[in-house]
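Heads up, the sequence shown is in my numbering, so the first residue is 2 and it goes up one at a time.
By construction, the Cβ of each residue, glycine as well, lies at the ideal position given by its N, Cα and C atoms.
This one's a predicted model, so the numbers in the text were calculated from it and none came from an experiment.
Data first, discussion second: the structure below is written as C-alpha cells.
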Amino acid sequence: MFKQEKIDRLTGVIDKYCHQEGSLMTILQRAQEIFNYLPEEALSMIGKKLKIPLSKIYGVVTFYSAFHLTPHGKYSIIACRGTGCQVKGSKKILHTIKETIGINEGETREDLMFSLDTVSCLGACALAPVVVINKDYFGKMTPEKVKTIFGQYEK
C-alpha cells in the first residue's frame, strides 16, 4: 500500500474515533495495523487531532510493549519464556526459531517478513511450549514443528 493511502486510512480512523472518550489506545492500535508500526508522522497526526502533546503519546506508546516505533515484520513472532514453557523446552524452540528465520530476539528481518520477541508468560501453559505468530497460537512446539510452520510462512 502506498504511503498516501495509509495516511488516508489513518485520517479515516482518527475521524471515526476522535470524538469518543479514551479513544487514543484504539487509534494507536489501528494506526499500527495500517503501518505495521507507529511512525512519528502518524503519532503527530493523532496528537494534533486529539489535542494531546506528542510527549504524552510517546509515553503511552513506550509503556505498552505491543506498540512498536520501528518497522515491524509482517509476521510478529512471540516466544514464551515462562516457567511452564521452559520446563517443556522453550529454549530449544527459541534457538530453532532464530536459526530458521535468521534473527535474534528484539529484531526484525531486513525484508520485514518477521519480527521476534519473547515474553515472560503467554498464559497458555497447558500448550507449553507456546509460540504466537500474529494472533495465532501454536502449542506443544518442537524444533520440527518450528521448521514446518515457518516454512509455510516463507512461501
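query: Around the Cβ of Gln33, are there at least 16 other Cβ atoms within 10 angstroms (buried) or fewer (exposed)?
result: Here residue 33 refers to the residue found at position 32 of the sequence shown. Answer is buried; the Cβ neighbour count reaches 16.
- prompt: Is Leu117 near Glu108, with beta carbons less than 8 Å apart?
  reply: Start at 1 with the first residue of the sequence shown, and residue 117 comes out as number 116. Start at 1 with the first residue of the sequence shown, and residue 108 comes out as number 107. The answer is yes: Cβ separation under 8 Å.
query: Which whole-angstrom value describes the C-beta separation of His73 and Asn37, a residue pair presumed to lie in contact below a C-beta threshold of 8 Å?
result: Position 72 of the sequence shown holds residue 73. Position 36 of the sequence shown holds residue 37. His73 to Asn37, Cβ: 5 Å. Contact.
query: How about Leu128 and Lys141: do their beta carbons lie closer than 8 Å?
result: Mapped onto the sequence shown, residue 128 falls at position 127. Mapped onto the sequence shown, residue 141 falls at position 140. Yes; because the gap between Cβ atoms is below 8 Å, this pair is in contact.
message: Does the structure place the region 46-57 close enough to the region 87-96 that three or more beta carbon pairs sit under 8 Å?
response: no
- prompt: How many Å lie between Ala43 and Ile94 at the Cα?
  reply: For the purposes of this step, residue 43 is taken as residue 42 along the sequence shown, with counting starting at 1. For the purposes of this step, residue 94 is taken as residue 93 along the sequence shown, with counting starting at 1. The alpha-carbon atoms of Ala43 and Ile94 are separated by roughly 36 Å.
task: Starting from the N-terminal side, write out each stretch of the alpha helix (DSSP H) that is 4 residues or longer and does not extend beyond the region 75-116.
output: 84-88, 91-102
- prompt: Excluding the five sequence neighbours on either side, which residues of its own chain have a C-beta within less than 6 Å of the C-beta of Tyr18, listed in chain order?
  reply: In the sequence shown, the residue the question calls residue 18 occupies position 17. So the list reads Ser24, Thr27, Ile28, once near-sequence residues are dropped.
- prompt: For Pro40 versus Cys81, is the C-beta distance shorter than 8 Å?
  reply: Walking along the sequence shown from the start, residue 40 turns up at place 39. Walking along the sequence shown from the start, residue 81 turns up at place 80. Contact: no.
- request: Could you give the DSSP three-state label for Ile53: helix, strand or coil?
  value: Here residue 53 refers to the residue found at position 52 when the sequence shown is read from its first residue. Looking at Ile53 - three-state DSSP - the assignment turns out to be coil, as it is neither helix nor strand.
task: For the alpha helix (DSSP H) holding Tyr18, just list the boundary residues, first then last.
output: On the sequence shown, position 17 is the one that residue 18 refers to. That run of the alpha helix (DSSP H) goes 4-18.
query: Is it buried or exposed for Phe64, if we count other Cβ within 10 angstroms and need 16 for buried?
result: Translated into positions along the sequence shown, residue 64 becomes position 63. So Phe64 counts as exposed.
Val132 in three-state terms, based on DSSP: The sequence position of residue 132 within the sequence shown is 131, counting from 1. In the structure shown, Val132 sits in a strand (DSSP, three-state: E or B).
Ser77 to Arg10 span [Cα, whole Å]: Position 76 of the sequence shown, counting from 1, holds the residue named residue 77. Position 9 of the sequence shown, counting from 1, holds the residue named residue 10. When rounded, the distance between both Cα atoms is 22 Å.
task: Alpha carbon to alpha carbon, how far is Thr71 from Glu22? Give it in angstroms, no decimals.
output: Here residue 22 corresponds to residue number 21 of the sequence shown, with the count starting at 1. Here residue 71 corresponds to residue number 70 of the sequence shown, with the count starting at 1. Their backbone Cα atoms lie some 28 Å apart in a straight line.
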